[in-house]
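Input: a single structure, listed below in structure tokens.
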Amino acid sequence: MINLVVALPAEARPLIRHYHLRSREPRGLFPVHENETIRLVVCGAGKVSAAAATAFLQATGDHAGMQGWLNVGVAGHAEQAIGEGLLAHRITDQATGRQWYPPLVIDRPPPSGNLTTLDQAGPEYPDETMLDMEASGYYPIACRDATAELVHSYKVISDNRQSPAGSLNAARVEDLVSGRLEEIDTLITQVSELAHELRALHAAPPELELFEANWRFSVSQRHQLRRLLKRWHLILPGESAWSGLPVGLRHSREVIACLEERIGVLMPDVPRHD
Amino acid sequence: MIDVIYIERDIRDHPRTRQVCARFPAARQISCERYGEVFNPKTQNFRLQKRRPALILARKFDAHVLKAPDGFGIGGTRNYYFSHMLNCLYDCRYCFLQGMYRSGHYVLFVNYEDFEQAIERTLALHDGQETWFFSGYDCDSLAMEPVTQFTRHFLQFFERHPAACLELRTKSTQVRSLLDRDILSNVVIAFSFTPDAVSRALENRVPALDRRIDAISRLQTAGWQVGLRFDPLIHHQDYQRHYDELFRRLFSRLDAGRLHSVSLGSLRLPRQYHKNIVRLYPDETLFAGNLQENCGMYSYPQDLETEMHAYCTGALSAHIPADILHPCGYATGHKGHA
Ligand code: SF4
Chain A
502 MINLVVALPA EARPLIRHYH LRSREPRGLF PVHENETIRL VVCGAGKVSA AAATAFLQAT
562 GDHAGMQGWL NVGVAGHAEQ AIGEGLLAHR ITDQATGRQW YPPLVIDRPP PSGNLTTLDQ
622 AGPEYPDETM LDMEASGYYP IACRDATAEL VHSYKVISDN RQSPAGSLNA ARVEDLVSGR
682 LEEIDTLITQ VSELAHELRA LHAAPPELEL FEANWRFSVS QRHQLRRLLK RWHLILPGES
742 AWSGLPVGLR HSREVIACLE ERIGVLMPDV PRHD
Chain B
-18 MIDVIYIERD IRDHPRTRQV CARFPAARQI SCERYGEVFN PKTQNFRLQK RRPALILARK
42 FDAHVLKAPD GFGIGGTRNY YFSHMLNCLY DCRYCFLQGM YRSGHYVLFV NYEDFEQAIE
102 RTLALHDGQE TWFFSGYDCD SLAMEPVTQF TRHFLQFFER HPAACLELRT KSTQVRSLLD
162 RDILSNVVIA FSFTPDAVSR ALENRVPALD RRIDAISRLQ TAGWQVGLRF DPLIHHQDYQ
222 RHYDELFRRL FSRLDAGRLH SVSLGSLRLP RQYHKNIVRL YPDETLFAGN LQENCGMYSY
282 PQDLETEMHA YCTGALSAHI PADILHPCGY ATGHKGHA
């Protein structure tokens, strides 16, 4: 699952169309559009709204493990050409001076640049940074839910010193985002793959359900059981931990103790590469 | 090899920064105030970053030279370590670094001269008596040599300070900077080994065993002092046969009579590092085995550890003189080994 945080309806429309997202009903605090793999929230302008919408998406989404996050929108830049797409490699909150560095671990990331989040848009275009109004609100909140490698902000340049923001309208914004859909799609795929990889690592080990169906485990015992079954199946892949259990185990703690004892005598081998 | 370089603003124009950046003209350069802003944030994933680590160029302000923990050292009584880098080109699954740091990025401290001054001050504390300085604690000493020129630089320094002994810990074959110059009697290049099967399974990106043996052989031929570190000893099925095979391969090529020292080390991981590593690598068989916690440290059960040490000590004694073997080498895994 990947979560998209978008400020304006005009920025959201090309994505909603492209991914055939359906509007979530009933509408909550923020409009959400979703399909089976993507959730998009339209947060409105400003970093406070962006932070709130990100938290809203976290609170109202499923909690099936690690998810990716992408903030998509338009941004100004002093010299970059209009229509260029840039991933943020440094996000600065202008008001507080706080900075974040989204790690670029995906394969062949698109061109990247600095991104400064302003409280209020102004006529100035400082050198060497994109300008927006949302990223510094969104980023730290999204990072509470996901590791930073899965949290990114991607901007399409909408205005620059030559062509200031004054002439922008909704149709133009839609065009600009539409023009970068291919790159956005690649990013979404790559971030989703990383998230999937992490989720798979923490998937339930084989036979967990079988054990849980037969005994009542406390929360901490459930953690122990997960880890024990994981260890068992790493050391003895394909061999059942269940089938060798002695009959008559009545309490969950007896089951845990029995598994611990059986695993304690196993001697792991190093994986073979020959 | 490096796609992204973070550079502290303060050292942007440092000659070493320029030199490193020139090696990677296509890398994205991102400036930061202090390296910790990039390296230390909580929500980072070491495993994901290891796929594509960035290089962070920074200045180290203090603690350039630190006292080595007890049990560290090979006979000397004054032992210190210093780390010009944090993190390693390689990716050994038992390495404590992956449990210690949140980030997999490499940090290179470019102010080598400050490390040198700290070493000089440390030497002065001991009235110029023989003092050991270990490198390869938080990184591999040689692996990034073409980028860092660390050895090339520091050998010149140690040449001027004969009372300062340097141990370079490594699994690398980057020995050109050593072979290109005169040997130094106060420098030991210590190579860490596990059996081939273990290395292939657990020591990702480490050069093949034969290439490393070849590098050692060239160093020995040139007259450099070389040490061997079987550290950490890794328990697995067939471990005895695998260690026998390793020793046979090493000593059929190396001159055992000219080795400086040989030591064995145990796998040790502080509880929190172990927890972090298991969370990062829940699919790793090494941690599925029976490592046990004792006084906040994860290790093999005592009897297993004793058995492995005894076996390897016995097997080694068939190849090397007894006086160069340090059976209980360093307390490792806990802190550094390349
Ligand atoms: S054990 Fe040594 S060589 Fe391996 S990753 Fe750690 S520092 Fe590098």
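Just so you know, the sequences run in chain order A and B. The first sequence: position 27 = 528 (this note's numbering), numbered continuously. The second sequence: position 336 = 317 (this note's numbering), numbered continuously. In this text, a Cβ means the ideal position worked out from N, Cα and C, and glycines have one as well. Small disclaimer: the values here were computed from a predicted structure and weren't measured.
- Taking a cut-off of 8 Å for Cβ pairs, the segment 195 to 213 of chain B and the segment 88 to 105 of chain B do not touch, as fewer than three such pairs fall below it.
- At least one heavy atom of ligand 1 lies closer than 7 Å to the C-beta of L78/B.
- With distances taken between CA atoms, R252/B lies nearest to M278/B out of T266/B, M278/B, C76/B and L267/B.
- In the assembly as shown, C276/B is an exposed residue. Its beta-carbon has fewer than 16 other beta-carbons within 10 Å.
- R9, I11, S12, C13, E14, E18, V19, P22 and K23: these are the residues of the segment 0 to 23 of chain B whose beta carbon lies less than 9 Å from some beta carbon of chain A, given in chain order.
- Per the DSSP secondary-structure output, M567/A pairs with nothing in a beta bridge.
- Between G54/B and Y254/B, the C-beta gap is not smaller than 8 Å, which leaves the two residues out of contact.
- The Cβ atoms of E708/A and L730/A lie closer than 8 Å to each other.
- Following the DSSP letters along the chain, one finds H653/A inside the beta strand (DSSP E) bounded by residues V652 to D660.
- The alpha carbon of G109/B has as its nearest neighbour, out of Q130/B, F139/B, A299/B and Y220/B, the alpha carbon of F139/B.
- Here D51/B is exposed: its Cβ has fewer than 16 other Cβ atoms, across all protein chains shown, within 10 Å.
- DSSP, read as helix, strand or coil, puts Q155/B in coil.
- DSSP, read as helix, strand or coil, puts G574/A in strand.
- Distance from the C-beta of Y71/B to the nearest heavy atom of ligand 1 is below 7 Å.
- The distance from the Cβ of R(-10)/B to that of E14/B is about 6 Å, consistent with a contact at the 8 Å cut-off.
- H217/B belongs to the set of residues whose beta carbon lies under 8 Å from a beta carbon in chain A.
- Residues of the segment 689 to 718 of chain A with a C-beta less than 7 Å from any C-beta of chain B: L695, L702 and H703, listed in chain order.
- Secondary structure of F172/B (DSSP, three-state): strand.
- Judged by beta-carbon spacing, I301/B lies within the 8 Å limit of V243/B, meaning their Cβ atoms are closer than that value.
- Close partners of E650/A in chain B (Cβ separation under 8 Å): Q25, N26, L29 and Q30.
- Cβ proximity to chain B below 7 Å picks out Q600, Y602, P604, L605, V606 and S613 from the segment 598 to 625 of chain A.
- Chain B has a Cβ within less than 8 Å of the Cβ of L735/A.
- Sixteen is the threshold: since fewer than 16 other Cβ atoms of the shown chains lie within 10 Å of the Cβ of A758/A, the residue is exposed.
- For A35/B, the three-state secondary structure derived from DSSP is coil.
- C644/A reaches chain B at T24, counting residues in chain order whose Cβ is nearer than 7 Å.
- For E708/A, no alpha helix (DSSP H) run applies, since DSSP gives it neither H nor E.
- Along the length of the segment 531 to 563 of chain A, whole alpha helix (DSSP H) runs at least 4 residues long occupy 548 to 561, reported in chain order.
- Chain-order list of chain B residues neighbouring D660/A: empty, with the shortest C-beta distance near 24 Å, by a criterion of under 8 Å.
- Taking 7 Å as the upper bound on Cβ-Cβ separation, chain A lies near residues A178, V179, R181, A182 and L183 of the segment 178 to 198 of chain B.
- When Cβ-Cβ separations below 8 Å define contact, A269/B makes contact with chain A.
- Against chain B, the CB of D633/A has no partner CB under 8 Å away; the residue lies outside that interface.
- Taken through DSSP and simplified to helix, strand or coil, M66/B comes out as strand.
- Under the 10 Å beta carbon count, G117/B is surrounded by 16 or more other beta carbons and is classified as buried.
- If only complete runs of 4 or more residues are kept, the segment 504 to 534 of chain A shows the alpha helix (DSSP H) at 510 to 519, in order along the chain.
- Boundaries cannot be given for Q218/B, as no beta strand (DSSP E) includes it and DSSP labels it neither H nor E.
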